[in-house]
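Q:
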Amino acid sequence: MTAQQPNAESLNPNGLNLVLVSTYERLIGATIERVWENVLDWEHLPWLHHTSFSDITLDQGGDWGWRTWSSPDKSSHIELVVASKTSYVARSFQLGKQVSEIWTYLNDRDSNTAIRVEFWLPDIDADRRQAVGDLMIGLYTTLWNEDEAMMQERQRRLDEKLQAVSSATELDLGKPEDIEAAVAAGQKVSFYFRGREFCLKKLDGQWLAHAAVCPHLLGPLGDIPVTDGTVTCPWHGYRFDVQSGRLPFSGSRQLSTAPRTGIVR
Ligand code: FES
Ligand SMILES: [Fe+2]
Numbered sequence: 097m098t099a100q101q102p103n104a105e106s107l108n109p110n111g112l113n114l115v116l117v118s119t120y121e122r123l124i125g126a127t128i129e130r131v132w133e134n135v136l137d138w139e140h141l142p143w144l145h146h147t148s149f150s151d152i153t154l155d156q157g158g159d160w161g162w163r164t165w166s167s168p169d170k171s172s173h174i175e176l177v178v179a180s181k182t183s184y185v186a187r188s189f190q191l192g193k194q195v196s197e198i199w200t201y202l203n204d205r206d207s208n209t210a211i212r213v214e215f216w217l218p219d220i221d222a223d224r225r226q227a228v229g230d231l232m233i234g235l236y237t238t239l240w241n242e243d244e245a246m247m248q249e250r251q252r253r254l255d256e257k258l259q260a261v262s263s264a265t266e267l268d269l270g271k272p273e274d275i276e277a278a279v280a281a282g283q284k285v286s287f288y289f290r291g292r293e294f295c296l297k298k299l300d301g302q303w304l305a306h307a308a309v310c311p312h313l314l315g316p317l318g319d320i321p322v323t324d325g326t327v328t329c330p331w332h333g334y335r336f337d338v339q340s341g342r343l344p345f346s347g348s349r350q351l352s353t354a355p356r357t358g359i360v361r
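Per the working numbering, residue 97 is the first one in the sequence shown, and the count goes up by one each step.
1. Could you name each continuous beta strand (DSSP E) segment of 3 residues or more that falls completely within the region 327-356, going from the start of the chain to the end?
2. For H145, which of helix, strand or coil comes out of DSSP?
3. Reducing DSSP to helix, strand and coil, say where P272 ends up.
4. Identify whether Q226 lies in helix, strand or coil by the three-state DSSP scheme.
5. Report the three-state DSSP secondary structure of G234 (helix, strand or coil).
6. According to the Cβ coordinates, are N134 and M247 closer than 8 Å?
7. Anything with a beta carbon under 5 Å from a heavy atom of ligand 1 counts; list them all in chain order.
8. Are the CB atoms of E214 and I198 within a distance shorter than 8 Å?
9. Starting from R290 and walking both ways along the beta strand (DSSP E), at which residues does that stretch end?
10. If you reduce the DSSP assignment to three classes, tell me which class L254 lands in.
11. I'd like to confirm something about D243: is its beta-carbon nearer than 7 Å to some heavy atom of ligand 2, or not?
12. For W160, does the three-state DSSP call read helix, strand or coil?
13. Please list, in chain order, all residues of the same chain as R212 whose beta carbon is under 6 Å from its beta carbon, the five residues on each side excluded.
14. Whole angstroms is fine: what's the gap from W303's alpha carbon to L235's?
15. With DSSP run on the structure shown, which of helix, strand or coil describes H312?
16. Would you identify the three-state DSSP class for E133, choosing helix, strand or coil?
17. Decide if the region 273-291 is in contact with the region 157-173; the criterion is three or more beta carbon pairs, one per stretch, under 8 Å apart.
18. Residues in its own chain within less than 8 Å of S286 by CB, not counting five upstream and five downstream?
19. Would you give the residue range spanned by the beta strand (DSSP E) that V213 belongs to?
20. Quick one: Cα of E276 to Cα of L116, how far?
21. Between R290, H146, P355 and R252, which has its C-alpha nearest C329's C-alpha?
22. State the DSSP-derived secondary structure class of A278, mapped to helix, strand or coil.
23. Any chance the CB of L239 is under 7 Å from a heavy atom of ligand 2?
24. In the DSSP assignment, find the unbroken beta strand (DSSP E) run with I113 in it and report its ends.
25. Please check the pair V338 and G325, which I expect to be a contact at CB under 8 Å, by giving their CB distance rounded to whole angstroms.
26. In whole angstroms, what is the alpha-carbon distance linking S340 and A126?
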């Protein structure tokens, strides 16, 4: 599979009256490896960026990029194509007609990545360019803020995995009344056990521990409220049963096995 757009790696392959309405430059606090991982991960769009995207479903994807439907009736789609080792382009289409072309250039700066984003839109009158350009910059500031936070959290978890693991078989979490008060106040109560983080919650009057880290791409589950016995990861929407640790539907991913919790007086 490759991009459907012919000559996808070149600027303006459909010969539109494209106008560069604005450019966005920024230093992202994540490695270029994390950035590429994020760029090729279409699945986070409707979850991490739920204020900007909603109905996103995959049409096809691969090392070349991805193509998603962006409306339930499949009347619009987005195609993102890797153009080089340091650039990619995302084009949006409505009813088969291209409505935007956004180029992003990446520059490896050790543990950071400098980005430059160019917003090309067709047929924008001169008196609307500034307003439309500002709108695109505002949208992309939000998207990159959300992506940067996700990439940094994921990097933190990846680095954490490399740290020494204790072989303790028991852990004293403190006085039950203190924990009870913290949970009642809505505070996250978490602890590390054998190198993994778990969180403590109360479900139907019973204490319960579940993994604080999602087994998919290490998303945060510690702050997520339990709903119908499940927690839903905010990065890609995978939902786990907190008792069994499994996905309620078919799927092989599973939360780390939580230690048994109990009260000893
Ligand atoms: S990190 Fe992807 S669903 Fe949790
Ligand atoms: Fe993103």
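Cβ atoms here follow ideal geometry from the backbone N, Cα and C, with glycine treated the same way.
A: This is what the structure holds:
1. For the region 327-356, the continuous beta strand (DSSP E) assignments of 3+ residues that do not extend past its boundaries occur at 335-337, in sequence order.
2. Along the sequence shown, one-based indexing puts residue 145 at 49. In the structure shown, H145 falls within a coil segment according to DSSP collapsed to helix, strand and coil.
3. Along the sequence shown, one-based indexing puts residue 272 at 176. P272 falls in the helix class under three-state DSSP.
4. Taking the first residue of the sequence shown as 1, we reach residue 226 at position 130. If DSSP states are grouped into helix, strand and coil, Q226 belongs with the helices.
5. Indexing the sequence shown from 1 puts residue 234 at position 138. Helix.
6. Against the sequence shown, residue 134 aligns to sequence position 38. Against the sequence shown, residue 247 aligns to sequence position 151. Their beta carbons are under 8 Å apart, which means N134 touches M247 by this criterion.
7. The answer, residue by residue, is C310, H312, L313, G315, C329, W331, H332 and Y334.
8. Looking up residue 198 in the sequence shown gives position 102. Looking up residue 214 in the sequence shown gives position 118. Yes. Within cutoff.
9. Counting from one through the sequence shown, the residue named residue 290 turns up at place 194. Where R290 is concerned, there is no enclosing beta strand (DSSP E), because DSSP gives it neither an H nor an E.
10. Counting from one through the sequence shown, the residue named residue 254 turns up at place 158. Note: L254 maps to helix in three-state DSSP.
11. Locating residue 243 in the sequence shown gives position 147, where the first residue counts as 1. In this structure, D243 has its beta carbon less than 7 Å from a heavy atom of ligand 2.
12. Counting from 1 along the sequence shown, the entry for residue 160 is found at position 64. Here W160 sits in coil by DSSP.
13. On the sequence shown, position 116 is the one that residue 212 refers to. Taking C-beta separations shorter than 6 Å and ignoring five residues to either side along the sequence, the partners of R212 in its chain run E121 and Y201, following chain order.
14. For the purposes of this step, residue 303 is identified with residue 207 of the sequence shown, where counting begins at 1. For the purposes of this step, residue 235 is identified with residue 139 of the sequence shown, where counting begins at 1. So the two alpha carbons sit approximately 42 Å from each other.
15. Counting from one through the sequence shown, the residue named residue 312 turns up at place 216. The three-state reading of DSSP puts H312 in coil, since its state is none of H, G, I, E or B.
16. Here residue 133 is taken as the residue at index 37 of the sequence shown, counted from 1. Of the three classes helix, strand and coil, the one that applies to E133 here is helix, per DSSP.
17. These segments do not touch.
18. Numbered from its first residue, the sequence shown carries residue 286 at position 190. Cβ within range, chain order: E293, F294, C295, L296, A308 and G318.
19. Locating residue 213 in the sequence shown gives position 117, counting from the first residue. Residue range N208 to P218 is occupied by the beta strand (DSSP E) that includes V213.
20. The residue given as residue 276 occupies position 180 in the sequence shown. The residue given as residue 116 occupies position 20 in the sequence shown. Between the C-alpha atoms of E276 and L116 there is a straight-line separation of about 57 Å.
21. Counting from 1 along the sequence shown, the entry for residue 329 is found at position 233. Of the residues R290, H146, P355 and R252, the one whose Cα lies closest to the Cα of C329 is H146.
22. Walking along the sequence shown from the start, residue 278 turns up at place 182. Helix.
23. In the sequence shown, residue 239 corresponds to position 143, counting from 1. Flag set: Cβ of L239 near ligand 2.
24. The count along the sequence shown starts at 1 and reaches residue 113 at position 17. Reading the sequence as shown, one finds Asn at residue 113 and not Ile. In the DSSP assignment, N113 falls outside any beta strand (DSSP E) and carries neither an H nor an E.
25. Start at 1 with the first residue of the sequence shown, and residue 338 comes out as number 242. Start at 1 with the first residue of the sequence shown, and residue 325 comes out as number 229. The beta-carbon separation of V338 and G325, rounded to 6 Å, stays under the 8 Å limit for a contact.
26. The residue you call residue 340 lines up with position 244 of the sequence shown. The residue you call residue 126 lines up with position 30 of the sequence shown. In this model, S340 and A126 are separated by some 34 Å (Cα to Cα).
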